[in-house]
Ligand code: BGC
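Rendered as structure tokens:
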């Protein structure tokens, strides 16, 4: 979103006319939903609204928070992610932006792109995935869609905002690796590939510092390294110290507060804030305003067309988790028991600031009846409070017996998935579990359809033959559920998160949501499948899993330098879509796994990491090739010592298939460590690091050790060579260089040691 020369001139002209007081007015919005404006100099007032899965524009002067204009409610991010399709996100984003334009809204407060770290986070339904690569690609698609219609998108909540408990004060204690490998990359992709116009900083602190005040996160990473040239807005009421936030690069406070503007002015007058800092921010605001002017008049959008987009999205998002004995698709023309209050009042979105007033909602039972052309017996099974009774269960059991087959609608109630609150457990309501157990006991052909934006424990999983997860699929879910159950649509959704067996298995168990404000991210980089796969744990349904009514065969793989080409064939009888997934597994020479007990130089690496995906549609018998391009980042880890990513040279196994636990195609490729930073050797460098760090040439390590070791060992050293089994080093591999000063009893001085180290460092640099 670079300003062109003419716009720059206009902005310069306005800025030169503005008083300092007026500039400070630009540090916050005009009110809760409006950017700052300045009539005197012709700067109009622009509106911003939530988001993200539909427009949430408050009805003027309305009392209730849910009184918003009618808008199409699309699948929430956690559902949309199951389509693994950035172009679908783009289409949904474009449709939402058209509704923004129709309502003269210039910025949509979304997408939400935080990492689903624990299934308990109350806002998981608003987020895409546990995997940063997938979350980033999908968010970038959504942003491109929104911005293609001239509306600004706002990536939120930057960053490490993966819980709701104590969200205004909590501090995520996160390692540098987890920060850079797990929590930041989706935002980086949103900036680099989505060119997002705005970023919303989160409420929480990261390692003790409020994000809005973090120069490192905002000025260094977001702006300098990733090239973000849009504006940073605070989450609503997230500002702690406005002057500190301004200095760190936070441009806009929302909603505005008089007290903070006064504080800024006082700090400016006291010389604590420079005019140049203020100007830079005002410039960014003006650039946003003049590139996102609303339409002069409201004009209606095509609600039918958008409902069709919502329907298409819903059909792509649902995940067939289980289908034994070909219970699905349902045969047409037989009686069907439809059980569960959710069939009449389905869950299709979550609670809080993303809540949309849908233009319409599809009733599932109507669509089931339309598809079935036969008797439908409805039994509610549980009441609105999600409680059941002997009578309600008996009625459901009778309906199932009478029809000989049943579909039960169950899942998480809205109460448990809402902004500002985390879940306490991973269970479904007791009533839902009891109902499913009772019906499944008398009706072998029982299908469960689940709703919810996060995984739940399913104690009855082995007792029902089929489960369809509908997530929170937006207003057009009714028809989508019916068409999938009856096979008019072949399901193709794949889980964008692992469904664990039980809460105790999850990576954050025991320390989510933290003690008071201290939230220890003890699982480190092992989030989601990175945790379960590295530990070889059994899960309920793995990351990337999703069944189809057809079958696919993975028949060939070819890896050549930066390209991997695989062949996939539809071996079944129906047309279908498959999400082809590529994971990278570091072989031992690309990792020294200190995490698993072999403590030596190196970086612990998860068992495998998603590095590519592609959705293909295949007719029966058809075969297609899919090519993935690999880049350096895919083989890199965050190296705290270099404060940057570092590509680790070595061998990697490329694994391709239809889920993280079903990867039949394998190929090995060697990556060079070409972009590695030059290491710096110090007196506290560990001996084994000298020998194992592939960036340190053997001759440099050898010369240094020869200067450090006692003379009687040098001869042996020269013979045995520079390796860890060298008898000269036995027991000393974990020593740091300076310890030889102690061990050599005065024969090695600090000066000698430093001279040898300086020589080694010089040689490393010369080599570079
Ligand atoms: C939420 C944001 C939202 C904002 C405005 C905040 O409480 O965290 O996601 O955009 O309110 O409604």
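In this note's numbering, the protein residues as written are 99 to 866.
For each residue, glycine too, the CB sits at the ideal point set by N, CA and C.
Proximity of the beta carbon of residue 145 to the ligand BGC is not indicated: no heavy atom of the ligand is located closer than 8 angstroms. Secondary structure note for residue 540: its alpha helix (DSSP H) is the uninterrupted segment 528-540. For the pair residue 735 and residue 644, the Cα-to-Cα distance works out to about 30 angstroms.
At least one heavy atom of the ligand BGC is found less than 8 angstroms from the C-beta of residue 255.
Taking non-hydrogen atoms of the ligand BGC into account, the C-beta of residue 452 is found less than 8 angstroms away from one of them. Inter-residue distance for residue 577 and residue 182 is about 21 angstroms (C-alpha atoms, whole angstroms). Counting C-beta pairs closer than 8 angstroms gives fewer than three between the segment 624-641 and the segment 713-720, which falls short of the contact rule. Distances from the CA of residue 611 to each of 462, 261, 388 and 597 were compared; the closest alpha carbon is that of 261. The beta carbon of residue 232 sits closer than 8 angstroms to the beta carbons of 179, 182, 226, 594, 708 and 711 from its chain, once the five residues preceding and following it are set aside; these are given in chain order. For the pair residue 621 and residue 527, the Cα-to-Cα distance works out to about 28 angstroms. Of 759, 495 and 279, the smallest CA-CA separation from residue 436 is found for 495. The shortest CA-to-CA distance from residue 551 to any of 811, 166, 220 and 118 is the one to 220. Per DSSP, residue 577 is one residue of the alpha helix (DSSP H) stretching across 575-583.
Of the residues 322, 422 and 434, the one whose Cα lies closest to the Cα of residue 502 is 434. Pairing residue 789 with residue 176, the inter-Cα distance amounts to about 46 angstroms.
With a beta-carbon spacing of about 18 angstroms, residue 338 and residue 366 fall beyond the 8 angstroms limit used to define contacts. If you check the CB distance, residue 618 and residue 278 do not come in under 9 angstroms. Taking 8 angstroms as the cut-off, the C-beta of residue 334 counts as close to a heavy atom of the ligand BGC. Taking residue 329 as the centre and dropping the five residues before and after it, the same chain places the C-beta of 296, 349, 350, 382, 383 and 386 closer than 7 angstroms to its C-beta, in chain order. Put simply, the backbone Cα of residue 840 is about 21 angstroms away from that of residue 814. Distances from the CA of residue 752 to each of 739, 769 and 745 were compared; the closest alpha carbon is that of 769. For residue 517, the Cβ falls inside the 8 angstroms cut-off from some heavy atom of the ligand BGC. Here residue 732 has 682 and 709 as same chain residues with Cβ atoms under 7 angstroms from its own Cβ, once five neighbours each way along the sequence are excluded. For residue 763, the closest C-alpha among the options 445, 312, 652 and 602 is that of 652.
Residue 300 places its beta carbon 9 angstroms or farther from that of residue 252.
The criterion of a C-beta distance shorter than 9 angstroms is satisfied by residue 451 and residue 149. By the C-beta density criterion, residue 254 is buried, having at least 16 other C-beta atoms within 10 angstroms. Residue pairing by DSSP puts residue 269 in a beta bridge opposite 303 and 616. Per DSSP, residue 415 lies in no beta strand (DSSP E) segment; the continuous alpha helix (DSSP H) that holds it begins and ends at 401-415. Residues of the same chain with a CB within less than 7 angstroms of the CB of residue 863, apart from the 5 flanking positions on each side, are 776 in chain order.
Nearest Cα to residue 637 within the set 557, 655 and 459: 557. Under a 10 Å Cβ-count criterion, residue 414 is classified as buried, with 16 or more other Cβ atoms of the shown protein chains found around its own Cβ. Counting along the chain, the unbroken beta strand (DSSP E) around residue 508 starts and ends at 504-509. When the Cα atoms are used, residue 616 and residue 270 turn out to be separated by approximately 7 angstroms. Taken through DSSP and simplified to helix, strand or coil, residue 484 comes out as coil. Contact annotation: the segment 122-139 does not touch the segment 426-433, with fewer than three C-beta pairs closer than 8 angstroms.
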